[in-house]
Amino acid sequence: CHNVMLLSSQFPFFGKNRNIVVDKILQCDYNFKNERWAKVSNAAIGFVSCLLECNPYQRPTALQATHHPFLTRSTFECI
Numbered sequence: 005c006h007n008v009m010l011l012s013s014q015f016p017f018f019g020k021n022r023n024i025v026v027d028k029i030l031q032c033d034y035n036f037k038n039e040r041w042a043k044v045s046n047a048a049i050g051f052v053s054c055l056l057e058c059n060p061y062q063r064p065t066a067l068q069a070t071h072h073p074f075l076t077r078s079t080f081e082c083i
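Residues 5 to 83, numbered by our numbering, are exactly what the sequence shown covers, in order.
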């Protein structure tokens, strides 16, 4: 969630009440259609998407996540 907050200034899951938010978390119900994501690079969105993977067996470990192209590319682009 911290990466999402840093990139978009919003939580990845939101709803009118706590139960809705919990349901969205459990279903991995999120998207990047908000205007705050319009200027975020595809690499950054890909990084966040892999961290929000519902299946814990497919989700990267912390070490694997540090090797994501968004974090390792040698040229700097504005996100």
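For each residue, glycine too, the CB sits at the ideal point set by N, CA and C.
All figures in this text were calculated on a predicted structure; none of them were measured in a lab.
- Here residue 52 carries a helix assignment [DSSP, helix/strand/coil].
- The C-alpha of residue 29 is placed about 9 Å away from the C-alpha of residue 18.
- Assignment of residue 44 by DSSP, reduced to helix, strand and coil, places it in the coil class.
- In the DSSP annotation of this structure, the continuous segment of the alpha helix (DSSP H) that includes residue 28 starts and ends at 22-31.
- Counting along the chain, the unbroken alpha helix (DSSP H) around residue 73 starts and ends at 73-76.
- Membership of residue 68 in the alpha helix (DSSP H) is indicated by the continuous run 66-69.
- Around the beta carbon of residue 42, a 10 Å sphere encloses fewer than 16 other beta carbons of the protein chains shown; the residue is thus reported as exposed.
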